[in-house]
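Report on the structure given below.
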Amino acid sequence: MPRGKAWSDKEDAALCTAWCATSQNPIAGADQKADNLWTQILQSYRTIVPGSKRSLIALKNRWSDINREVNRLVGCLAVVVGQNESGKAEEDRFEDALKLYEARQGEEFSFAAAYEVLKSQPKWTASVNKKRPAGGNAAETRDAKRPRGAKAAIQSLKEGKLLEMQYAVSRSLERSMERKNDILSEWASIEVFNMPDADPDQRAQFFKILRQKKLSEMMKKIAESKQSDDETSETYQVSAAETEIPEFDEASVFFYNALPLFSQACSTNSF
1 MPRGKAWSDK EDAALCTAWC ATSQNPIAGA DQKADNLWTQ ILQSYRTIVP GSKRSLIALK
61 NRWSDINREV NRLVGCLAVV VGQNESGKAE EDRFEDALKL YEARQGEEFS FAAAYEVLKS
121 QPKWTASVNK KRPAGGNAAE TRDAKRPRGA KAAIQSLKEG KLLEMQYAVS RSLERSMERK
181 NDILSEWASI EVFNMPDADP DQRAQFFKIL RQKKLSEMMK KIAESKQSDD ETSETYQVSA
241 AETEIPEFDE ASVFFYNALP LFSQACSTNS F
């Protein structure tokens with residue numbers, strides 16, 4: 001079965017950040033169906049990682065892997081903490097947990113970036129704290145040092161996260177203005193060629209070219225959508241409501257308002 005593009009540490013951390021922000025939001029995360037929750041997670045993920053082609057199913061599958069392996073590592077950490085070895089630092093305990101994980105699973109733990117985001121969440125700290133000896137400081141686990149192999153990736157994510165979100169908002173506004181300007185320019189051309197004194201042959205040629213342009217744009221979007229679907233390892237289709245987050249920005253509203261006029265202009269011309 002074909003596999004999609006490998007996930008980076010940055011993508012893993014972004015997915016976990018989106019999951020935490022959405023699932024633990026008292027408004028977005030409570031009392032809503034799983035599909036709606038994951039639609040929100042997908043939207044949040046694409047804000048953190050602008051331009052990502054990862055589908056909702058791809059995010060679900062990756063989260064399943066992350067959740068399973070982080071749970072296994074936390075279980076190993078709980079065992080190490082429960083041994084209560086005197087004088088052992090939190091960093092050493094974590095290293096022992098990594099070794100125990102490798103011994104159990106037959107491979108090294110490969111979700112360090114995801115663990116960095118999730119380790120302070122109640123779902124995972126509870127398991128470790130249950131094994132912590134009486135009198136132990138629960139904050140020690142939350143303050144455990146970062147996995148050595150992921151320090152650079154996590155630091156880079158934290159420093160760039162705010163800039164990425166600002167960039168995402170800025171680019172969204174820019175795209176909205178660009179689309180609106182394109183629509184205005186196109187509509188101005190339509191009005192010129194649709195004037196009563198316009199040359200009939202030129203008018204027909206203009207609207208023929210315009211239709212060809214719109215058809216080409218539509219085919220391009222279909223091809224891009226198919227390419228995005230091919231990147232996932234899933235063999236079944238995902239509903240459009242799950243995979244696409246519609247954008248109702250200012251340009252979209254303007255376009256839909258202008259659509260009836262455009263249709264009327266096209267219908268009055270033969271091709």
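The opening position of the sequence shown corresponds to residue 1 in full-length UniProt numbering, with each subsequent residue numbered one higher.
Idealized CB from N, CA, C, for every residue including glycine.
Being a predicted model, the structure only gives us computed values, none of them experimental.
Inter-residue Cα distance where the pair is ALA114 and THR22 = For this step, residue 114 is matched to residue 114 along the sequence shown. For this step, residue 22 is matched to residue 22 along the sequence shown. Whole-angstrom Cα-Cα distance: 16 Å.
So, LEU56 versus TYR101, is the Cβ gap smaller than 8 Å?
-> Start at 1 with the first residue of the sequence shown, and residue 56 comes out as number 56. Start at 1 with the first residue of the sequence shown, and residue 101 comes out as number 101. Cβ distance not < 8 Å, so LEU56 and TYR101 don't count as in contact.
Separation of LEU15 from SER44, as counted between CA atoms = For the purposes of this step, residue 44 is taken as the residue at position 44 of the sequence shown. For the purposes of this step, residue 15 is taken as the residue at position 15 of the sequence shown. Whole-angstrom Cα-Cα distance: 9 Å.
Measuring CA to CA, which of MET177, CYS76, ALA112 and TRP63 is closest to ALA103?
-> One-based indexing of the sequence shown puts residue 103 at position 103. Nearest in C-alpha terms to ALA103, of all of MET177, CYS76, ALA112 and TRP63, is CYS76.
Assign VAL49 to one of two classes, buried (16 or more other C-beta atoms within 10 Å of its C-beta) or exposed (fewer than that).
-> Taking the sequence shown and counting its residues from 1, one reaches residue 49 at position 49. Label assigned to VAL49: buried.
Can you tell me which of the three DSSP states ARG82 falls into?
-> Translated into positions along the sequence shown, residue 82 becomes position 82. The sequence shown places Gly at residue 82, rather than the Arg named in the question. GLY82 falls in the helix class under three-state DSSP.
What separation, rounded to the nearest whole angstrom, lies between the Cα atoms of ASP197 and LYS213?
-> Stepping through the sequence shown from its first residue, residue 197 is reached at position 197. Stepping through the sequence shown from its first residue, residue 213 is reached at position 213. Spanning the two alpha carbons is a distance of roughly 25 Å.
Can you find at least 3 beta carbon pairs, one from the segment 79-93 and one from the segment 60-67, that sit closer than 8 Å?
-> no
Determine the direct distance from the alpha carbon of LYS208 to that of ALA188, and round the result to whole angstroms.
-> Within the sequence shown, the letter at position 188 stands for residue 188. Within the sequence shown, the letter at position 208 stands for residue 208. Roughly 16 Å between the two C-alpha positions.
For MET195, which three-state DSSP category applies?
-> Taking the first residue of the sequence shown as 1, we reach residue 195 at position 195. Here MET195 sits in coil by DSSP.
Do ARG62 and TRP7 have their C-beta atoms within less than 8 Å of each other?
-> Numbered from 1 along the sequence shown, position 62 holds the residue referred to as residue 62. Numbered from 1 along the sequence shown, position 7 holds the residue referred to as residue 7. Yes, the Cβ-Cβ distance between ARG62 and TRP7 is below 8 Å.
Note down, in chain order, each residue of its chain lying with its Cβ closer than 6 Å to the Cβ of LYS119, except the 5 sequence neighbours on either side.
-> As a first step, residue 119 is located in the sequence shown; it is residue number 119 there, counting from the start. There are no such residues.
Collapsed DSSP secondary structure at PRO122 in the structure displayed | Residue mapping note: residue 122 aligns to position 122 of the sequence shown, counting from 1. PRO122 falls in the helix class under three-state DSSP.
Taking all protein chains shown into account, decide if ARG93 is buried (16 or more other Cβ within 10 angstroms of its Cβ) or exposed.
-> As a working mapping, residue 93 is identified with position 93 in the sequence shown. Label assigned to ARG93: buried.
Roughly how many whole angstroms lie between the Cα atoms of ARG46 and SER52?
-> Position 46 of the sequence shown holds residue 46. Position 52 of the sequence shown holds residue 52. Their backbone Cα atoms lie some 6 Å apart in a straight line.
Decide if residue 358 is buried, meaning its Cβ has at least 16 other Cβ atoms within 10 Å, or exposed.
-> It is not possible to answer for residue 358, since the shown part of the chain is limited to 1 through 271.
Extent of the continuous alpha helix (DSSP H) run through residue 272 = Residue 272 is absent from the structure shown; the chain starts at 1 and stops at 271.
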